[in-house]
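Participant:
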Amino acid sequence: MGPDAFCGQPGRTLSGGAGGRTGVGVISARQLSVWRARKAESMSAAETKREALEARQTMRHSAAHVLAQAVRDFYPGTKLAIGPAIEEGFYYDLDIPVSIKPDDLGAIEERMRAIAAEALPLRREELSRQAALELFHELEEPFKVELLEDMEDETVSIYRHGDFADLCRGPHVEDTSRIGSFKLLSIAGAYWRGDEKRPMLQRIYGTSFATPQELQDFLTMREEAEKRDHRRLGKELDLFSFHEEAGAGVVFYHPRGAILRGIVEDFLKEEHRKRGYQMVITPHLFKGDLWNISGHLDYYVDNMYTLEKEGTQYVVKPMNCPGHMLIYKTKPRSYRDMPLKYFELGTVYRYERSGVLHGLLRMRGFTQDDAHIFCTDEQLEEQIIECLDFALYSLRAFGFEEFKLYLSTRPEGSVGSDAVWERSTQALADALQHYGMEYEVDPGEGVFYGPKIDVKLKDAIGRYWQGPTIQVDFNMPERFQITYAGADNRPHQPVMIHRVVLAGIERFLGVLIEHYGGALPVWLSPVQVMVIPVADRHLEYALGLKEQLEARGIRVEVDDDHQTVNLKIRNSQLQKVPFTLVAGDREVEGGTVSVRLRTGEDVRGVSLEEFEEGISKLVDSRSTGLEWR
RNA sequence: GCCGACGUAGCUCAGCUGGUAGAGCAGCUCACUCGUAAUGAGCAGGUCAGGAGUUCGAGUCUCCUCGUCGGCUCCA
Numbered sequence: 168m169g170p171d172a173f174c175g176q177p178g179r180t181l182s183g184g185a186g187g188r189t190g191v192g193v194i195s196a197r198q199l200s201v202w203r204a205r206k207a208e209s210m211s212a213a214e215t216k217r218e219a220l221e222a223r224q225t226m227r228h229s230a231a232h233v234l235a236q237a238v239r240d241f242y243p244g245t246k247l248a249i250g251p252a253i254e255e256g257f258y259y260d261l262d263i264p265v266s267i268k269p270d271d272l273g274a275i276e277e278r279m280r281a282i283a284a285e286a287l288p289l290r291r292e293e294l295s296r297q298a299a300l301e302l303f304h305e306l307e308e309p310f311k312v313e314l315l316e317d318m319e320d321e322t323v324s325i326y327r328h329g330d331f332a333d334l335c336r337g338p339h340v341e342d343t344s345r346i347g348s349f350k351l352l353s354i355a356g357a358y359w360r361g362d363e364k365r366p367m368l369q370r371i372y373g374t375s376f377a378t379p380q381e382l383q384d385f386l387t388m389r390e391e392a393e394k395r396d397h398r399r400l401g402k403e404l405d406l407f408s409f410h411e412e413a414g415a416g417v418v419f420y421h422p423r424g425a426i427l428r429g430i431v432e433d434f435l436k437e438e439h440r441k442r443g444y445q446m447v448i449t450p451h452l453f454k455g456d457l458w459n460i461s462g463h464l465d466y467y468v469d470n471m472y473t474l475e476k477e478g479t480q481y482v483v484k485p486m487n488c489p490g491h492m493l494i495y496k497t498k499p500r501s502y503r504d505m506p507l508k509y510f511e512l513g514t515v516y517r518y519e520r521s522g523v524l525h526g527l528l529r530m531r532g533f534t535q536d537d538a539h540i541f542c543t544d545e546q547l548e549e550q551i552i553e554c555l556d557f558a559l560y561s562l563r564a565f566g567f568e569e570f571k572l573y574l575s576t577r578p579e580g581s582v583g584s585d586a587v588w589e590r591s592t593q594a595l596a597d598a599l600q601h602y603g604m605e606y607e608v609d610p611g612e613g614v615f616y617g618p619k620i621d622v623k624l625k626d627a628i629g630r631y632w633q634g635p636t637i638q639v640d641f642n643m644p645e646r647f648q649i650t651y652a653g654a655d656n657r658p659h660q661p662v663m664i665h666r667v668v669l670a671g672i673e674r675f676l677g678v679l680i681e682h683y684g685g686a687l688p689v690w691l692s693p694v695q696v697m698v699i700p701v702a703d704r705h706l707e708y709a710l711g712l713k714e715q716l717e718a719r720g721i722r723v724e725v726d727d728d729h730q731t732v733n734l735k736i737r738n739s740q741l742q743k744v745p746f747t748l749v750a751g752d753r754e755v756e757g758g759t760v761s762v763r764l765r766t767g768e769d770v771r772g773v774s775l776e777e778f779e780e781g782i783s784k785l786v787d788s789r790s791t792g793l794e795w796r
């Protein structure tokens, strides 16, 4: 955690997607004093970069002050809440008498430029908390007063420039001209102190960089991210669609999307089988009682789809575990059966509040690659390690290379005894230790029935997405009273691990699409080869190529439109088909193909055998590249 | 759910202060049979998300519902 935010409230990144959030920490007074002390010392080269980052944060934080002043100049009566620097810029939360529109940002920006041009010095003042209270009371800044009331420090600091004063720890730039090349980006609502029961404020997001070039690069980067948006690509590549008539949060896979999903599912089935999992299938709808036993009803009724028939409550399954429990209980189990691993591609439905839905990344209906491992206490750690290994192996197979691991501990209001929580958390920590990867602890972020390990994966443009999760659960075996016969011929209670590998298939596909910007690796491409006959007389040859390639398991289409070669090539490229084969007189004559890659590169006069071998190798190795030769 | 914006042809979008809809691409038809990112011409295509209201008159104004987007909150 670094000095990312200064005004005493946690910041959030300007996220590149719902799953892309990274919490940005709050700096404590203690950390700040360390920071100040260190500033005085001579710095190692390694710290120079960090120092530059801090300078940027300072600049952005000052920009936030200037923003607040600009807004207040336009809308007198605006109350200040908080305005920290965040990973990608800054924001200020304001209570503005009118609601501002995106079109107003330009004018506010102009006003900020005017303030910057004045180069007003930012002056730090230290005063007693009491004096500050009086000051902000007088300034009619209720949010600042509330912040002060909750502070414990005897002395606090304020920063002034011109007639603007803000409660703030700082540090700041020397004067308002030093807030860099900035741009206001968006307006959003934000609850005061992140509490949905408190007033909704207006948050203005902006960003700022030391040079105009850096700002431009940032904006270009945002456009790039927009081009990768899986919702846009899903439409353009004809993979899936959403329908107002069907309701929000559920997806319809088109033929090409279904091929992609099928490939992912085949991968999962095969890998689970290899690792000793047994596939099971459970119904989508069953009695509510089961959810009482599992405890889910208590915690998640509001998020479950329930219905009633003949006086009985039914629930559309939001989880797969109770179903697997029932299967476990169908016969006596022995320690010799352990670990027992049930795997299901289980489609679940959870009611999510309308505002949180986001393409494939946050849905109401989705399919998990869910498994439940029943094992003995002794087997727990090795099973967790195996899960971690499986998860990372799979993500790597799909081309992800960097991960972050998190260990989430006991949350408020959870079930089970301290001893059990202690034991499960320790098992996860030990496994992580043993696996030898660094991880962070997320205090209180565990599930109600147990602690968990979360894996986040980094995509091609540096964003992190929520991926696999591994949860230890001593609680559900207890609630369902499942046992196995030990070597001592006495009943024992198994431990249960809930885990997903790619997690939600839909979400994973969304991440995959964004990671590759739609240009999927050959093995995942719904159409791997597009054959383009130059003229009608080449159609027969083209169909022959298709047949031969299909015999090798390659997915091929022939573009027989009566169109120019150029147009058909263009279409194939836009569809991001990895290989386009153009077939004309020369190819027919020599029995060859000419291969064009979606990168634009092309090679002519290749024998079909050579191409077949090349592409097969790429598929078999799950290569992310197109080096077929 | 909350704050704000938005919803016009399959797609991307235009349509000023209200006067019963327009382009490009896609589609269809015809001609062209073409060599590595758009051949040309013609045709067809919309109850302006849905509903209610104001008005002589609503794509344009008001309200409700559905959906989408940016955030907040939430995510077993």
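Position in the first sequence counted from 1, then plus 167, gives you the working numbering. By construction, the Cβ of each residue, glycine as well, lies at the ideal position given by its N, Cα and C atoms. As the structure is a computational prediction, the values presented were derived from the model and not from experiment.
(1) Identify which residue in 546, 720, 769 and 584 has its Cα closest to the Cα of residue 784.
(2) Rounded to the nearest angstrom, what separates residue 645 and residue 777 at their Cα positions?
(3) Apart from the five residues on each side of it in sequence, which residues of its chain come closer than 6 Å, Cβ to Cβ, to residue 474?
(4) Could you tell me if residue 681 is buried or exposed, where buried requires 16 or more neighbouring beta carbons within 10 angstroms of its beta carbon?
(5) What whole-angstrom Cβ distance do residue 228 and residue 397 have, given they're in contact under 8 Å?
(6) Any idea what DSSP makes of residue 791, helix, strand or coil?
(7) Can you check whether the CB of residue 288 is closer than 8 Å to the CB of residue 214?
(8) Determine the burial state of residue 704: buried for a count of at least 16 other Cβ atoms within 10 Å of its Cβ, exposed for fewer.
(9) So who's on the other strand from residue 351, going by DSSP bridges?
(10) Between the alpha carbons of residue 400 and residue 486, how many angstroms are there, rounded?
(11) Would DSSP call residue 571 helix, strand or coil?
(12) Hey, residue 375 and residue 344: beta-carbon distance below 8 Å or not?
(13) With DSSP collapsed to three states, give me the class of residue 385.
(14) Using CA atoms only, rank isn't needed, just tell me which of 677, 679, 539 and 545 is closest to residue 638.
(15) Mind checking who residue 607 pairs with in its DSSP beta bridge?
(16) Beta-carbon within less than 7 Å of residue 128's beta-carbon, same chain only, minus the 5 sequence neighbours each way: which residues are those?
(17) Which value, in whole angstroms, describes the spacing of the CA atoms of residue 671 and residue 484?
(18) Three Cβ pairs or more, each shorter than 8 Å: is that satisfied between the region 314-322 and the region 297-305?
(19) Considering residue 635, what are the terminal residues of the beta strand (DSSP E) in which it resides?
(20) Would you tell me roughly how many angstroms separate the C-alpha atoms of residue 175 and residue 607, rounded to the nearest one?
(21) Quick one: residues in its chain with C-beta nearer than 7 Å to the C-beta of residue 286, no 5 flanking neighbours on either side, listed in chain order?
(22) Does the distance from the CB of residue 416 to the CB of residue 532 come in under 8 Å?
(23) When you compare only the Cα positions, how much space is there between residue 765 and residue 750?
(24) For residue 126, I'd like the list of residues in its chain whose CB is within less than 6 Å of its CB, leaving aside the five on either flank, ordered along the chain.
(25) Nearest to residue 701 by CA position, among 726, 718 and 714, is which residue?
(26) Measuring alpha carbon to alpha carbon, tell me which residue in 277, 268 and 582 is nearest residue 236.
(27) Taking the beta carbon of residue 367 as the centre, do at least 16 other beta carbons fall within 10 Å, making it buried, or is it exposed?
(28) What are the start and end residues of the alpha helix (DSSP H) that includes residue 709?
(29) Is residue 523 helix, strand or coil when you go by DSSP?
(30) Identify whether residue 646 lies in helix, strand or coil by the three-state DSSP scheme.
(31) Counting only the same chain and skipping the five closest in sequence on each side, list residues whose C-beta sits under 8 Å from that of residue 609.
(32) Just confirm the distance between the C-beta atoms of residue 578 and residue 611, as a whole number of angstroms; I'd bet it's less than 8 Å.
(33) In chain order, what residues of the same chain have a beta carbon less than 8 Å from the beta carbon of residue 568, not counting five sequence neighbours either side?
(34) Beta-carbon separation of residue 350 and residue 310 under 8 Å?
(35) Is the beta carbon of residue 386 sitting closer than 8 Å to the one on residue 256?
(36) Whole angstroms is fine: what's the gap from residue 420's alpha carbon to residue 406's?
Facilitator: Let me lay it out:
(1) 720
(2) 60 Å
(3) 481
(4) buried
(5) So it is not a contact: roughly 33 Å between Cβ atoms.
(6) coil
(7) no
(8) exposed
(9) 373
(10) 29 Å
(11) strand
(12) no
(13) helix
(14) 539
(15) 573
(16) Lying before the first or after the last residue shown, residue 128 is absent from the chain, which here runs from 168 to 796.
(17) 15 Å
(18) yes
(19) 631-640
(20) Model confidence at residue 175 stands at a pLDDT of 30, short of 50, so the residue's coordinates are unreliable and nothing is read from them.
(21) 342, 343 and 344
(22) yes
(23) 17 Å
(24) Residue 126 falls outside the range modelled here, since the chain spans only 168 to 796, and no answer is possible.
(25) 726
(26) 277
(27) exposed
(28) 706-718
(29) helix
(30) helix
(31) 573, 574, 575, 576 and 621
(32) 5 Å
(33) 625
(34) no
(35) no
(36) 6 Å
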